[in-house]
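K.L.:
Got a structure for you, written out below as structure tokens; questions coming shortly.
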Amino acid sequence: MANGWTPERRARQAALIRTWRPWERSTGPRTDEGKVRTARNGFKGGQWLELRELVKAMNALLREQREALDRF
Numbered sequence: 010m011a012n013g014w015t016p017e018r019r020a021r022q023a024a025l026i027r028t029w030r031p032w033e034r035s036t037g038p039r040t041d042e043g044k045v046r047t048a049r050n051g052f053k054g055g056q057w058l059e060l061r062e063l064v065k066a067m068n069a070l071l072r073e074q075r076e077a078l079d080r081f
């Protein structure tokens with residue numbers, strides 16, 4: 010494989026992880042700061058569309074002003 014993980018290596022690692030069972034020791038965030046930080050994990054940047062519309066509106070306004078100044 011290109012990444013160095015042969016099927017045998019992958020199977021061995023999967024078996025080791027199943028014996029270690031790290032998910033049983035996972036507690037999640039404990040501090041208030043950690044909780045606030047993980048609360049934003051689902052944020053996908055949805056404000057980009059809103060920002061894009063604002064930029065379009067600003068460009069249109071600047072274009073109108075430039076055309077108005079050119080008429081003088």
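For the sequence shown, my numbering assigns the number 10 to the initial residue and increments by one for each residue that follows.
No residue lacks a Cβ here, since even glycine has one placed at the ideal position from N, Cα and C.
If you're wondering where the values come from, they're calculated on a predicted model, not measured in any experiment.
Helix or strand or just coil, what does DSSP make of residue 14?
P.N.:
DSSP places residue 14 in coil when its eight states are reduced to three.
K.L.:
Assuming residue 47 contacts residue 38 under a Cβ cut-off of 8 angstroms, what Cβ separation, rounded to an integer in Å, is found between them?
P.N.:
That belief holds up - the Cβ atoms of residue 47 and residue 38 are roughly 5 angstroms apart, short of 8 angstroms.
K.L.:
Give the straight-line distance between the Cα atoms of residue 13 and residue 59, rounded to the nearest whole angstrom.
P.N.:
Rounded to the nearest angstrom, the two C-alpha atoms are 43 angstroms apart.
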